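> Pasting in a structure now, in structure tokens, and then I'll have a few things to ask.
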């Protein structure tokens, strides 16, 4: 077994500076390296494979709290220093970048080329494109553009033994072979280190409108959302937020974003005016600023508190919200809520949740209620001691055996630290 001092020396020789970092907010720090080239990533994983070391890949670490407590970890490998633009072809609407570029910088470069970047994730300056792909994090614009994996055209990855592999390509046209790049979306660093991503882009909108209204009654908020979604409008996003933690001030704020060519967007704005009484609307630069502010506050991206993330069918969003509210009210737990009714997703930031036993009991009770509605519940930033009794990704899924088989195939020697993903993967 290699000593810590020798490990640090070897890591410094392979990639430069070594710092301490936490694989999760509540576990002890381990050495972390941030290579500046793909060749260094290859060398580091070959070293880990040869020495039988356990590695956790990451970007800026913004989503490490989404995962479970890892087993043994020898070092972390961050791609944050891989920031080159490999290829940008505005006429084709494609861009290929290294995995460490932040989403904020990537969006800026895309706008400069006349394009809009999806996913429109919260707190983009704190997230890398590689981390977003590894977490399968779709943005607030999923209602219009669909999930992230639909727009990943290809990836370059380094496998557990240091093999450099490609999947897909840099064109929107179909390519031959398996869509392994879509398999890597949402794998949370359990299958490979993503070092390069190719994305499809969309034209920068000519005109943008942001519309808001509010109500104190949950049922009315969901009814207004249903009316809006029934209209012939191509919403970029539509959300319901309950921004106050105090339930005595439980105002529900509805927000809708629309963009595209000016004439159709103005028609959509008038249609929504008939469905949403007493709404407020802003346009263009003001609309973008308002959308980004609500996106960042509603997604709880920088929150250190425990978060619940529920997914269900669109028809059951109101019922799932009611079940969540009932369970939390019964325990006197204050929270903030963000709901994407079109995507059928609900995010709840808990302002307190008790000790480990209480947390595990709460999650088990809520999951039981949601299971009856065909919904699932993931837990983010759960305290380490509570994870002994719960899987942050939810109940065991029918595909878990297949997921384990894929992991064994791509990482037979267990280089990537286990215990972090669904079912202990």
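In the working numbering, the protein residues as written are -7 to 417.
Think of the CB as a built atom: it goes at the ideal place given N, C-alpha and C, for glycine as much as any other residue.
Please read these numbers as outputs of a predicted model, since none were measured by experiment.
Classify residue 34 as helix, strand or coil using the three-state DSSP reduction.
By one-based count along the chain shown, residue 34 stands at place 42. Helix.
> Tell me, please, which residues DSSP counts as bridged to residue 68.
Within the chain shown, residue 68 is the residue found at index 76, counting from 1. For residue 68, which the question treats as bridged, DSSP gives the partners 24, 48.
> Quick one: Cα of residue 25 to Cα of residue 332, how far?
Sequence index remark: in the chain shown, residue 25 carries index 33 (1-based). Sequence index remark: in the chain shown, residue 332 carries index 340 (1-based). About 37 angstroms.
> Based on Cα-Cα distance, which residue from 197, 250, 220, 317 lies nearest to residue 267?
Residue 267 sits at position 275 when you count from the first residue of the chain shown. Closest by alpha carbon: 220.
> Mind checking which residues open and close the beta strand (DSSP E) that includes residue 372?
Within the chain shown, numbered from 1, the residue matching residue 372 stands at position 380. From DSSP, the beta strand (DSSP E) with residue 372 extends over 368 to 372.
> Tell me whether residue 190 sits in a helix, a strand or coil according to DSSP, three-state version.
Taking the chain shown and counting its residues from 1, the one referred to as residue 190 is at position 198. It is a strand residue.
> CA-CA distance, residue 355 and residue 82?
For the purposes of this step, residue 355 is taken as the residue at position 363 of the chain shown. For the purposes of this step, residue 82 is taken as the residue at position 90 of the chain shown. Each residue's Cα considered, the two are about 46 angstroms apart.
> Three-state secondary structure (DSSP) at residue 211?
Within the chain shown, numbered from 1, the residue matching residue 211 stands at position 219. Note: residue 211 maps to helix in three-state DSSP.
> Is the beta carbon of residue 196 less than 9 angstroms from the beta carbon of residue 276?
Stepping through the chain shown from its first residue, residue 196 is reached at position 204. Stepping through the chain shown from its first residue, residue 276 is reached at position 284. Taking 9 angstroms as the Cβ cut-off, residue 196 and residue 276 do not qualify as a contacting pair.
> My guess is that residue 101 and residue 77 are in contact by the Cβ rule of under 8 angstroms, so how many angstroms apart are they, rounded?
As a position in the chain shown, residue 101 is number 109, starting the count at 1. As a position in the chain shown, residue 77 is number 85, starting the count at 1. Right, the Cβ-Cβ distance comes to about 7 angstroms (below 8 angstroms), so this counts as a contact.
> Over what stretch of residues does the beta strand (DSSP E) that includes residue 148 continue unbroken?
Looking up residue 148 in the chain shown gives position 156. 144 to 150 is the span of the beta strand (DSSP E), which, as asked, contains residue 148.
> Report the option in 321, 109, 229 whose CA atom is closest to the CA atom of residue 190.
Within the chain shown, the letter at position 198 stands for residue 190. With distances taken between Cα atoms, residue 190 lies closest to 109.
> When DSSP builds the beta bridges, which residues end up paired with residue 79?
What you label residue 79 is simply residue 87 of the chain shown in a count that begins at 1. DSSP, once it has assigned bridges, lists 88 as partnering residue 79.
> Under 7 angstroms Cβ to Cβ from residue 93, same chain only, skipping five residues before and after it: list those, please.
In the chain shown, residue 93 corresponds to position 101, counting from 1. Once the five neighbours on either side are set aside, the close Cβ partners of residue 93 are 75, 120, 121.
> Taking the C-alpha atoms as reference points, what is the distance between residue 85 and residue 192?
The residue given as residue 85 occupies position 93 in the chain shown. The residue given as residue 192 occupies position 200 in the chain shown. Between residue 85 and residue 192, the C-alpha separation is close to 6 angstroms.
> Are residue 405 and residue 173 closer than 9 angstroms when you measure CB to CB?
Walking along the chain shown from the start, residue 405 turns up at place 413. Walking along the chain shown from the start, residue 173 turns up at place 181. Cβ distance not < 9 angstroms, so residue 405 and residue 173 don't count as in contact.
> DSSP three-state call for residue 96: helix, strand or coil?
Translated into positions along the chain shown, residue 96 becomes position 104. Note: residue 96 maps to helix in three-state DSSP.
> In its own chain, which residues sit with a C-beta less than 6 angstroms from the C-beta of residue 10, not counting the 5 before and 5 after it?
Counted from its first residue, the chain shown places residue 10 at position 18. Only 0, 3, 4, 23, 25 meet the Cβ criterion.
> May I ask you to report which of helix, strand or coil DSSP gives residue 4?
Numbered from 1 along the chain shown, position 12 holds the residue referred to as residue 4. Residue 4 falls in the helix class under three-state DSSP.
> Among the candidates 367, 170, 334, -2, whose CA atom is the shortest distance from the CA of residue 301?
Stepping through the chain shown from its first residue, residue 301 is reached at position 309. Checked all of 367, 170, 334, -2; the closest Cα to residue 301 is 367.
> Taking the alpha carbon of residue 68 as the reference point, which residue from 49, 205, 318 has its own alpha carbon closest?
Residue mapping note: residue 68 aligns to position 76 of the chain shown, counting from 1. The shortest C-alpha separation from residue 68 is found at 49.
> Is it true that the CB of residue 336 sits closer than 9 angstroms to the CB of residue 290?
Position 298 of the chain shown, counted from the start, is the residue given in the question as residue 290. Position 344 of the chain shown, counted from the start, is the residue given in the question as residue 336. In this structure, residue 336 does not lie closer than 9 angstroms to residue 290 by Cβ.
> With DSSP as the reference, identify every bridge partner of residue 325, one or two as the case may be.
On the chain shown, residue 325 is found 333 positions in, with the first residue counted as 1. Bridge partners of residue 325: none, in fact.
> May I ask you to list the residues that DSSP assigns as paired with residue 250?
Residue mapping note: residue 250 aligns to position 258 of the chain shown, counting from 1. Looking at the DSSP assignment, residue 250 forms a beta bridge with 201.
> On a Cα-Cα basis, can you pick out the residue from 292, 312, 349, 137 that is closest to residue 112?
Counting from one through the chain shown, the residue named residue 112 turns up at place 120. Residue 137 is the option with its Cα nearest to residue 112.
> When you compare each of 341, 307, 52, 19 to residue 316 by their alpha carbons, which one comes out closest?
By 1-based counting over the chain shown, the position of residue 316 is 324. For the residues 341, 307, 52, 19, the minimum Cα distance to residue 316 belongs to 341.
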